[in-house]
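Structure first, then comments.
Numbering (the working numbering), first residue to last: 205 to 317.
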């Protein structure tokens, strides 16, 4: 039956890991005082944290993509509005000049040559 399942396979509640002495590898001294059930519980907790962090990272990545898209759209709209504003300012200057011609002297009063 071996070691507890890892990463997405869940915990086998019918298996008593405290009395399964398979594997034969040396144990980390930090974990030496713990039963195999304790270790299996730690693995389950670590798997749950990994799942939660993976889900959070995916959610945040999608949120970042949406925000970047919105930012790019706003930048494009802003550039378009600046261009429109410059075009309208040029048209206004042209209209002012056409109404205030140089013959009657009013063009100089408004800074037109």
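Yeah, the Cβ is synthetic: ideal placement off N, Cα and C, and Gly gets one too.
When secondary structure is reduced to three states using DSSP, residue 304 falls in the coil class, being assigned neither helix nor strand.
DSSP places residue 237 in the coil class of the three-state scheme, outside both helix and strand.
Counting only the Cα atoms, residue 303 lies some 55 angstroms from residue 266. Per the coordinates, the alpha-carbon of residue 240 lies some 51 angstroms from the alpha-carbon of residue 274. Going by beta carbons, residue 243 and residue 235 fall inside the 8 angstroms limit. Straight across, the Cα-Cα distance linking residue 246 with residue 256 is about 15 angstroms.
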